[in-house]
Amino acid sequence: MREQLLRLWERLSWTWAPRSEREAGEAIVQNLWLHWFPAKIARRSMSWNYSFYLGVASASLFLILTVTGFLLMLFYVPATGQAYGDMKDLQFAVSFGWWLRNQHRWAAHGMVLVVYLHMARVFFTGAYRGQRFLNWIIGVVLLLATLLLSFTGYLLPWDQLALWAVTVGTNIAREGPVVGETIRYLLLGGTEIGQNALLRFYVLHVFILPVAVWILFGYHMWRVRKDGGLAAIETLRLGRRAEPKPVPTTKSYSLFGLTRGATVQVLSSTDMEEQDQGFSSPELTRRIALVFLLVFNITLLLSLLSNAPLEEAANPALTPNPAKAPWYFLWLQELVASTTVSIGSYRISGGLIGGIVVPGILLGVLGVWPLFDRSPQSCEGVWFARERRWQNITFAAITVVIVLLIAVGLGVRGPYWRLYWPGQPWPQMPRGL
Amino acid sequence: MKGRESFESRDFPWLVILSVGFFALVALAFWREYHSEWAPLEKRFKQILEQHGQIEDSRRFSLGIRQIWNPELGVVDRCITCHLGYDWGSVLPANLKEPFTPHSPLPYLEKHPFARFGCTVCHGGQGWATEQTAAHSGGEHWDDPMISKELAASYGLSVGQMVQMRCNFCHRHDLSTPGMDEINLAKKLIKQKKCMICHTIEGKGGMVGPELTFHADKSPELFDFSHVSGDKTMFNWDYQHLMDPGKVSPGTTMPTFGFKPEEARALTLLLLSWKHLTFPPQYIPSPIEVAPLMVVHVPAEAPIIPGAEDGRKIFQTRGCNQCHTIGSGKLIGPDLIGVGGRHPVEWLRSWLADPAAMIRANPDLAKWPDLFGGIVMPNQNLAPAEISAVIAYLQKL
Amino acid sequence: MSTTRRKFLEFLGKGSVFAAFLAQIAAAGRALLPNVLYEPPKRFKIKRPDEYAQGFTFDAERRLFVVRQESTFHVISAVCTHLGCTVQWRGEEFDCPCHGSRFRPDGNVIGGPAPRPLAWYEVVQAPDGRLEVDTSTPVAQGFSLTVKKATA
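This is the structure in C-alpha cells:
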C-alpha cells in the first residue's frame, strides 16, 4: 500500500521537480500545465529585477478572484430585495464568509494596482515594440476589462456606494455623443437603476467579463511565446556570441491563422550560451509558486486585518454626502467634477470631457504609443534606457498626476465635494438619532 | 543539474518562509472563525441551564448562530445568539446577568410573540449582526441604532419611553394604546394644541408649516442645524424646535407653545415615529379604542306575569329576548310593551306561526322589513301549544 | 453543372448562412433592449393643488420639486444635470452633494460642474383635479400652470 502511494506521488510530482536535465525537458512536453513554457528559458527572463513578476502577480490575483468569486456565487442572489441581506449574511452568518468577501475585495483592489504596475514595467522596459505590439494591445484591453470587472462588481452589494457609483458611471456613458443614451439603456436594461441593471451587471461580472479575461489572458500568454519570450532576451539576442542557427521549421499556430510570428521556440536554446539558460521546470515554476504564495498571503493578511466595507442599503431617495468612487476611479471623479467647460453659449459636461474624452484619449494614446517609439533596438528589454528617457518621463508624469488626483479625492474632498485640508475637520453630518 | 548556478539556493528559503506563512495565515483565519464573541457565551448559558435544573434542555442545547426569521416583516434577528435567556422568563431569574437576562414580562408580549416580531422591530439595532458593536450601534454605516439605556438617557428618556417611538411605527392610528404613555400624551397634545391648523398630517390640515405625515423619513441633511445645540440629530432638532421654534428656525411663524420638557420629548418621539412603512395586513394592529360596530346586548329579565309563566320561559329561552325588549326600546325588532293592545290574538297567532308568509300576504306589512334594517322575523318553529303560551304572555304586556 | 451556375449556388448558400448569422446577432442585440419596464410611470399624478404649501415642496420618491406661488405651479427636477445625484433645496439655492454644483431657484447653474440647468417638467391638471407631471421630456424654463380654484 505504502509502495503504491509513493509511486502515485512520484508520478504526480516528477514534472514539478525534475531530477535531471532530461527530465526537465520531458516535464514540459508531458505535463499539459507546463507545455506553455519552453523547456529551457533565458535566465534573464527569470530575473526578479527585470519583471518583478508583476504579470505572474496579476494572474495570481485573478485566480484568487475567480475562486473566491465562484464560491461567493453560492451565497449571493442578484435580486434587489435580497442582495444586501446576502452581503450581511456573508459578513456575519456564513462560516468563513468574511474571508471569502474580504479576500475577494482585497484581491480586486490589488489587481487594479498590480496590472497598472505591470503595464508600467512593460512601458519602462520598452517591451512593447515590433512583434510585441499586438500583445501590448491585448494588455491594454485586459486593463480595461479589469477596470470594468471592478465597476460591475461593486454594484452587486446594492448598498449606497453601489447605487450611486453606478448612477454616476452610467450617466457618464449617457454623455457620449449619439449612442450614449442607447448604451446607457442597454447597460441598465431600462431608464433607472433597478433589478434589470443589477442582473445585467451580475452576468457581466460573473461570466462575460471573466471569460473574456481568461481567453484574452490565454492569448496574452500565447503571444509571449510567439514573440519569442520576454523582451529581456532581446539584449541577449543582440549581444550573442554563438552563431545563430537557422530557424527550424516547426508547427506554429495562430488563432484564426491570421497572424504570423516567430516559432514557438523562444530564442532557441541552441542559440543561447549555456550559462544564460535555465530550466522552466523547476526554476521558473518555483518562482511562480513563490509569487502566488506571496500574493495570497498578502491578500489573506489584509483580509484578517480589515473588513470590506458595506454602506447603508441602497436608497434612491438619498444621495450620500460625500459620494466617493473607489480609489482607482477617484482620479476620474476629480476629472468629471472639474472639466465642465463653456464654449460661447454652449456648456459641455464634465461627464463627457472628463469621463469619456480624456480617458478615451489616454487609452488611445496608450494603445498606439509603440508605433511612435523610434528608439533603437538596443532599448528593448532594458529598464530606463537612455534613448527612451522622454517617453519614460511622460509616462511617469501622467502616472504621478493620476496618483495626485486620487490623493486629492481620498484625503481632501469632503461633503458637497468641498476641500477640507488635512487637519480641517469635516462638519458633523446630521443623522436621525 | 549541470554545473551552472541555479536559482534554487536563493529561492528555496523564501519558498519555505512563504509556505509556512501561508499555513500560519490560514491557521489564523481558522482561529478567527472559531473565536467568535458568541461561542463562549453559548457555552456559559448551557451551564446556566444546568445550574437551574434544566437538565434536558441543557443536554439538547446546541451551539451555533440562532436567528428569528420572519420574511413577512423583513425580520432577520440574530440577537438571540447571545441574548439566550430571552424566552426563559418563567424559569430563569430576572436578575440573571446580561446578555442572559430574560425579557421583562411585559403585558403586551403575548400580542407580540418573539417568533413573529423578532427583536429589532421594537428595540432597533442591526439584527443581521453576530458581534456586539455591529448589532447594537451598527457602526458607521447603519442608521438605525438599538435604543440603549445610554442613547435614551442622552435624550432624558428611559428605554421604555424611547422605545414607544418604534411601537408607534405600527400603532400610529391608535387613539390611545395601553403601555404607550408618552405617545398617548403626544397624540392628545396634537389634538389639544391644534397642530393641524398649520401642518398637514395624513391628508388633512393646513399648509402654513411643512407636511408632517412622514416626518421621520425626511433626510436630516435637509434641516438647518446651525442653531441646534448638541449633536446634530433629528431628535435634538425636533425637541429644540418644539421648545423654541424661533431659535431653531429664525423668522418662523410657529408660536412658542410653552411645552414642558417631557411634553416636547413626547411630541418628538411621536414625530420620529411617523415613517412610511408597509407590512402585511395581518400585522396591522386592531384599533384599541374601537368605534362601536355592534353593541352586544345582554337581555334583561322579562317581567313576571302571574299565570303566564310558560310563555315567559319561552320568551327567554327560545331567542325572543335577543331581538325584542319589553319596555327598553327597539332592539332588532320592536319593543313588545303593549303589543297585546296593538294586535288581536288571531293576528298574533298567524304571525308567530309564519311571519314571512304574513308579510307576503298583507300589503300593509310590506314595508315592515325596511323599518327593521331589512330583517324579516325568522320562523321560530313553535308548536301550537307553545304559540298559545306565548300569546297568553304577550297579551298581558 | 456549369461553373457560373455552381458559383452562383455557392454564393447563394454562403450568403444565406452569413446573412442569417448576422440577423441572429441583430436579434440578440434587439432582445437586450427592453420593451416593457418595471419602473414607475414617467407620467403620473401627484396631489391636488390645494394640498401643496406655498414655495418648494420636495418629493423624495419622484425626485422633483413642486413649486407653488399663489395659484401658479411649476415642477423642477431634483436630478443634478451633471451626473444624476439628487440635489438639496437650501432655501435660496439647490446644492448637489456629489460634486458641489449649485443652482438658482429657477434651475439655472450658479457654479460647479453641472452643464445644464435643472430640467422643468410639464404639469397639467388632470380631470379629477389632481396635478399630473410628465418627466419623460423636459419643457422650457418658465413653463407653469395656473389653476382656477386653489384654496388655502
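Heads up: the protein sequence lines correspond to chains D, G and L, in order.
Positions 6 to 438 (the numbering used here) are the ones given, in order, by the first sequence.
Positions 13 to 409 (the numbering used here) are the ones given, in order, by the second sequence.
Positions 1000 to 1151 (the numbering used here) are the ones given, in order, by the third sequence.
We treat Cβ as the ideally placed atom computed from N, Cα and C, and that holds for glycine.
Nearest to residue i (by Cα), restricted to the options the options
i          : options                                           : result
Ser65(D)   : Leu298(D), Gly30(D) and Gly185(D)                 : Leu298(D)
Leu410(D)  : Val120(D), Lys329(D) and Asn176(D)                : Lys329(D)
Tyr4(G)    : Gln138(G), Tyr167(G) and Pro125(G)                : Because chain G in this structure spans residues 13 to 409, residue 4(G) falls outside the shown range and cannot be described.
Ala1139(L) : His1081(L), Val1074(L), His1098(L) and Arg1047(L) : Val1074(L)
Val171(D)  : Val146(D), Trp41(D), Glu288(D) and Glu197(D)      : Glu197(D)
Tyr121(D)  : Trp104(D), Trp141(D) and Gly135(D)                : Trp141(D)
Trp1088(L) : Leu1032(L), Phe1064(L), Ser1001(L) and Leu1036(L) : Phe1064(L)
Thr151(D)  : Val184(D), Glu180(D), Ser63(D) and Tyr55(D)       : Ser63(D)
Gly8(G)    : Asn82(G), Leu283(G), Met174(G) and His95(G)       : No answer is possible for residue 8(G): it lies beyond the span of chain G, which begins at 13 and ends at 409.
Trp426(D)  : Pro432(D), Gln433(D) and Arg418(D)                : Arg418(D)
Asp995(L)  : Leu1011(L), Thr1071(L) and Arg1061(L)             : This structure gives no information on residue 995(L), because the portion of chain L shown stretches from 1000 to 1151.
Leu149(D)  : Phe334(D), Leu161(D) and Arg242(D)                : Phe334(D)
Asn54(D)   : Val387(D), Gly437(D), Ile398(D) and Arg7(D)       : Val387(D)
Lys230(G)  : Lys206(G), Val220(G), Gly215(G) and Trp286(G)     : Trp286(G)
Leu96(G)   : Asp89(G), Pro111(G) and Glu84(G)                  : Pro111(G)
Leu246(G)  : His183(G), Leu279(G), Phe269(G) and Pro262(G)     : Per the sequence presented here, residue 246(G) reads as Met, with Leu not at that position. The candidate whose alpha carbon is nearest that of Met246(G) is Leu279(G).
Pro262(G)  : Gly1090(L), Ala1118(L) and Gly1012(L)             : Gly1090(L)
Thr71(D)   : Phe212(D), Lys45(D), Glu339(D) and Ala294(D)      : Phe212(D)
Leu160(D)  : Met51(D), Tyr207(D) and Ala132(D)                 : Tyr207(D)
Leu192(D)  : Pro182(D), Val183(D), Thr175(D) and Gly181(D)     : Thr175(D)
Simplified DSSP assignment, three categories, for residue i
i          : result
Val133(G)  : helix
Tyr81(D)   : coil
Thr1145(L) : strand
Tyr425(D)  : coil
Asp89(G)   : strand
Ile220(D)  : helix
Leu96(G)   : coil
Pro119(G)  : helix
Thr157(D)  : helix
Asn312(D)  : coil
Trp81(G)   : strand
Ser1015(L) : helix
Ile1109(L) : strand
Ala320(G)  : coil
Leu268(G)  : Leu is not the amino acid found at residue 268(G); the sequence shown has Thr there. Coil.
Pro25(G)   : helix
Pro1137(L) : strand
Ser298(G)  : coil
Cross-chain neighbours of residue i in chain G, by beta carbon under 8 Å
i         : result
Leu298(D) : Leu27, Leu30, Ser31, Gly33 and Phe34
Ala294(D) : Leu27
Phe101(D) : Ala41 and Glu45
Glu317(D) : His153, Trp154 and Asp155
Pro435(D) : Pro232, Glu233, Phe235, Phe237, Lys244, Thr245, Met246 and Trp249
Gly90(D)  : Val88 and Trp140
Anticipated Cβ contact below 8 Å, residue i with residue j, distance rounded
i          : j         : result
Met158(G)  : Gly191(G) : The pair is not a contact, with the Cβ atoms about 20 Å apart (cut-off 8 Å).
Phe384(G)  : Ile349(G) : Actually they are not in contact, since the Cβ atoms of Phe384(G) and Ile349(G) sit about 17 Å apart, beyond 8 Å.
Leu204(D)  : Pro83(D)  : 5 Å
Gln96(D)   : Arg110(D) : That pair is no contact at about 11 Å.
Gly1083(L) : Val370(D) : Contact doesn't hold; Cβ gap of about 29 Å is too wide.
Gly139(G)  : Asp89(G)  : 4 Å
Identified DSSP bridge partners for residue i
i          : result
Lys45(D)   : Phe284(D)
His1073(L) : Val1066(L)
Gln1087(L) : Asp1094(L)
Ala62(D)   : Ala62(D) pairs with nothing; no bridge assigned.
Ile213(G)  : Lys216(G)
Residues that residue i contacts on chain D, provided the C-beta gap is smaller than 8 Å
i        : result
Ser74(G) : Those do not exist, as Ser74(G) stays about 15 Å from chain D at its closest Cβ, beyond 8 Å.
Contacts that residue i makes with chain G (C-beta to C-beta distance below 9 Å)
i          : result
Gly1052(L) : Inspection of the sequence shows that residue 1052(L) is occupied by Ala rather than by Gly. Thr212, Gly218, Met219, Val220, Gly221, Pro222 and Glu223, listed in chain order.
Gln1087(L) : Ser231, Glu233 and Leu234
Asp94(D)   : Val88 and Trp140
Residues that residue i contacts on chain D, provided the C-beta gap is smaller than 7 Å
i          : result
Gly1099(L) : Tyr421, Trp422 and Arg423
Pro1040(L) : Within 7 Å Cβ-Cβ: nothing; Pro1040(L) doesn't reach chain D, min ~11 Å.
Leu53(G)   : Within 7 Å Cβ-Cβ: nothing; Leu53(G) doesn't reach chain D, min ~15 Å.
Chain L residues whose Cβ lies nearer than 7 Å to that of residue i
i         : result
Asn176(D) : Leu1082 and Gly1083
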